[in-house]
Amino acid sequence: MLKKGADLTSTHAVHRGRFFENKPIFALRSDDQLSVSNSKKTKLSALPYLFGYTQLPKLFVDKDVVTVEEVQNWWVSFYRKKILPEFPLSFSNGESSIKLKNAMFCFLGGWFYGDSKNSGGGGKILQKTNYAVVPLASLGSSILTRLCPHGGMDSLFVDYGYSSEIRLTPNQLRHLTNTLADLSNIPVEIITAWSGRKNSEQTHTYIHTSDDLKTSRVSAIVNPPEFDRSLIRAYSKELLATVTNLPASITSTGLCNQNLHVNPCNYLNDFASQCFLCSEACYIAGDESAIELFEKDLGVQNARLESVTCDIRLSASSAMKKWFVIHSRNVRVLSLLIDLMKNCFVGTTIRYSKKDSEFNLIDLNTKLIKKVSCALPDYEARLRGLIEDKVTSSNTEPNPQLRSLLSSFGLNNKGE
């Protein structure tokens, strides 16, 4: 990256290396200026490291430096023209297509084509970079080559010790995936959608679930199992539905007030307990299984926060800073919720209001509501303190390993 205030106009190309400095890719800003050198061997090289190539073609003519924003704009234009013209769509070997953002998974060029050395490598220019999403047709062709090879090549099965007579076609894979999806109780409408079909009747020809299993499913729908009324969640569900006349469904951590028959749940969070912090979620004091799940989740989230505090990227990444502050607050709320579920009167319904940052403790028998404010520390100040401590530590102890080695010989790093 070009140093701030540096001027290259009056400096010969051979001597320009001193005007550049190293900077991690994750710390780059849109206005940072990069050298257009196309070789990874030069001291001021930037683009080869950015794209993951040893040698690049001349990408920017008549320029000595380009900003990160210019590189981004150029790459999007180049990708759409040379690698995937139909972007943001991608076509398979047939006429079916899908938006890449809706694909179940994607591969990047560096993963799919291997390490990058030269810009072409027998395929399209820059297709091996980790910024290039591999077209779906290329994925399909690669898989087909391994499953049904031609010209005496060994199949994937032979590589793993199976008979060379074993063959598997893509159509058989579609039958397998559709059947596995059906066995996992995924609705046929969803299987139809991800398979690219318009009619659910077509999907049934791809599903090979046994008749006995289909019969047992019908029986389970006609005669649903009764919940054990002694369970605290089942009792609270009936009481909540009776008192408030609201829909109530049992979840892994409590109850849900959303009418899931009309509005399916689409709530997501960054926790293992998926209903946590949802405005429709209710928690029941004394629910031991939910408390146990929340406590395990709390341990996981604290470990995640601890790993971020030790990450060298924290001071430079605005995304990591934002996540740390938000997640620290949410983890604190989870800790307070666990305390309330343990200490409140058994059966008390607990709801959290994110807008007001408070818990509502509801006695369904008396219909009384008690509000408990959620006091949250200043995590932004804590974040600043963590970053300042890291800077101070790096300044006072530049090389702790060297200091330890010198001390073992009775010396110190001042040369005494």
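With the first letter of the sequence shown counted as 1, position 53 gets the number 53 in UniProt numbering; the numbers rise by one all the way through.
Heads up, the beta-carbon is just placed ideally off N, CA and C, and yes, glycines get one too.
In this text the structure is predicted, and so the values were computed from the model without any measurement.
Assignment of alpha helix (DSSP H) within the region 320–407, counting only whole runs of 4 or more residues, yields 379–396 in chain order. Under the criterion of beta carbons closer than 8 Å, Asn330 and Leu277 qualify as touching, at roughly 6 Å.
Going by beta carbons, Val300 and Ala272 fall inside the 8 Å limit.
DSSP lists Cys256 as the beta-bridge partner residues of Ala281.
A straight-line Cα-Cα distance of about 24 Å links Ile98 and Leu168. Pairing Asn257 with Leu268, the inter-Cα distance amounts to about 16 Å. Check the Cα spacing between Thr242 and each of Phe26, Leu364, Asp62, Leu59: the tightest is with Leu364.
Excluding its 5 nearest sequence neighbours in each direction, Ile362 has C-beta neighbours in its own chain below 6 Å: Thr349, Ile369, listed in chain order. In the three-state scheme derived from DSSP, where H, G and I count as helix and E and B as strand, Val134 is classed as coil. For Val61, there is no enclosing beta strand (DSSP E), since its DSSP letter is neither H nor E.
Collapsing the DSSP output to three states places Ser39 in a strand. Segment contact: the region 41–48 against the region 78–87, fewer than three CB-CB distances shorter than 8 Å; contact not assigned. By the neighbour-count criterion, in which 16 or more other beta carbons inside 10 Å mark a residue as buried, Thr205 falls on the exposed side.
If you compare the alpha carbons of Ala316, Ile338, Asn171 with that of Gly286, the shortest gap goes to Ile338. Secondary structure note for Lys124: it is in no beta strand (DSSP E), with a DSSP letter that is neither H nor E.
Burial check for Ala290: the Cβ neighbour count within 10 Å reaches 16 or more, so the residue is buried. Taking 8 Å as the cut-off, the beta carbon of Leu298 is found no closer than this to the beta carbon of His327. Two segments are said to touch when three or more pairs of C-beta atoms, one from each, lie closer than 8 Å; by this definition the region 150–158 does not touch the region 129–138. By the 16-neighbour rule on beta-carbons within 10 angstroms, Thr145 is exposed.
Closest in C-alpha terms to Leu376, from the list Leu386, Thr177, Asp356, Ser210, comes Asp356. Cβ-Cβ distances below 7 Å link Leu183 to Thr209 in the same chain, with the five nearest sequence neighbours on each side left out; the list follows chain order. In this model, Leu176 and Gln202 are separated by some 15 Å (Cα to Cα). Bridge pairing for Gln274: absent [DSSP].
Comparing alpha-carbon positions, the option among Tyr352, Gly110, Pro135 lying closest to Arg80 turns out to be Pro135. In this structure, Ile125 places its C-beta atom within 8 Å of the C-beta atom of Pro57. Residues Arg313, Ala316, Ser317 of the same chain have their beta carbon placed closer than 8 Å to that of Ala27, with the five preceding and five following residues left out of the count. For Ile166, the secondary structure class from DSSP, reduced to helix, strand or coil, is coil. Counting along the chain, the unbroken beta strand (DSSP E) around Ile98 starts and ends at 97–99. When the alpha-carbon of Cys106 is set against those of Lys63, Leu139, Trp74, Lys367, the nearest one is in Leu139. At the C-beta level, Cys374 and Leu334 stay beyond 8 Å of one another.
Cβ-Cβ separation between Val65 and Leu34: approximately 6 Å, consistent with a contact (criterion under 8 Å). Apart from sequence neighbours up to five positions away, the residues of its chain that approach Glu380 with a beta-carbon distance below 7 Å are Val325, ordered along the chain. CA-CA distance, Leu240 to Leu231, rounds to 14 Å. Nearest neighbour of Glu388 by Cα position, chosen from Val76, Ser90, Phe19, Cys310, turns out to be Cys310. Bounds of any beta strand (DSSP E) do not take in Leu44, whose DSSP letter is neither H nor E. According to DSSP, residue pairing for Ser249 in a beta bridge involves Cys256.
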